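Counting in the numbering used here, the sequence shown runs from 40 upward without gaps. All C-beta atoms, glycine included, are put in the ideal place defined by N, C-alpha and C. Only a predicted model underlies this, so the values are computations on that prediction, with no experimental measurement involved.
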Amino acid sequence: MKLKFLFIALFPLLFNSQKIGIVSNINPKMGYVFLKGSFKAKAEIEKELNYNYLVFLEDYLNKNKYSFQKYEDFDFSKLENIDLKYSNVKAIEYINQFCNEKGIDKILILRKNTAYGRSDILGINDLNYNFGIATLSHTKKRALFFSNFLVLPYSKNNKDFTNIFIPENMNKKFDFEVYDSNKNLREENKIIEHFLPIFKEKMIEDLEIALK
């Protein structure tokens, strides 16, 4: 009975003993952009906001006692032609080899989402930021939360991409004008405090699934 209790008590520690790698080709800092035009909008202003996704990710892993390390030598060109709906033998071979060389069990790949194509009417692919707050020239009280990155969790046990998650785009009409005469963000804290908790909650849910 005591042995059973000890196993149950130690199980979370054993689970979190897996080593996780993090690689990224995104800008992890949240940005603010002012977009002009309704179709294929152009950014007239881009500014950095006080939030960093990699810091959030590292804090989450530390809090949950995961062993992790960031790597700078991952070859993202191996994922250029990846199709997430089908088998990606060459990409998986490279990622599995990378995991073996680094001695990691799982890897979180933070990758820019290049799948928008012609549907990218807001010009998200052309921005310097991969996620953040956007205001639009044709509406003074609406703000958007945009993202163009995805997280590819890969496990050596599954040898495949599972539980891929993409931050959701959101929009909200506020009861005040969201940018000033210089096109800078107004009531910055109120706008960020609306979107950021939703973003963080969803990312935590996805991380919990990906790291099982």
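- For LEU93, no pairing in a beta bridge is given by DSSP.
- For the region 100 to 174, the continuous beta strand (DSSP E) assignments of 3+ residues that do not extend past its boundaries occur at 106 to 109, 145 to 151, in sequence order.
- Distance from the CA atom of LYS180 to the CA atom of GLU227, rounded to whole angstroms, is 13 Å.
- By the C-beta density criterion, GLY70 is buried, having at least 16 other C-beta atoms within 10 angstroms.
- The Cβ neighbour count for LYS145, taken over all protein chains shown within 10 Å, is at least 16; the residue is labelled buried.
- The residue among PHE78, VAL62, ASN91, LYS81 with its C-alpha nearest the C-alpha of GLN108 is VAL62.
- Bounds of the alpha helix (DSSP H) holding PHE234 are 227 to 249.
- Cβ contact annotation for GLY171 (same chain, cutoff 7 Å, sequence separation greater than five): MET69, GLY70, TYR71, VAL72, LEU88, PHE185, in chain order.
- Between GLU85 and LEU166 a beta carbon distance of about 7 Å is seen, short of the 8 Å cut, so the two are scored as contacting.
- Note that the region 195 to 202 does not touch the region 213 to 226; fewer than 3 beta-carbon pairs, one per stretch, sit closer than 8 Å.
- Annotation for ILE121: ASN127, ALA130 place their beta carbon closer than 7 Å to its own, counting only its chain and skipping 5 residues before and after.
- Shown here, ASP199 sits in a strand according to DSSP, grouped into three states.
- Taking LEU100 as the centre and dropping the five residues before and after it, the same chain places the C-beta of PHE107 closer than 6 Å to its C-beta, in chain order.
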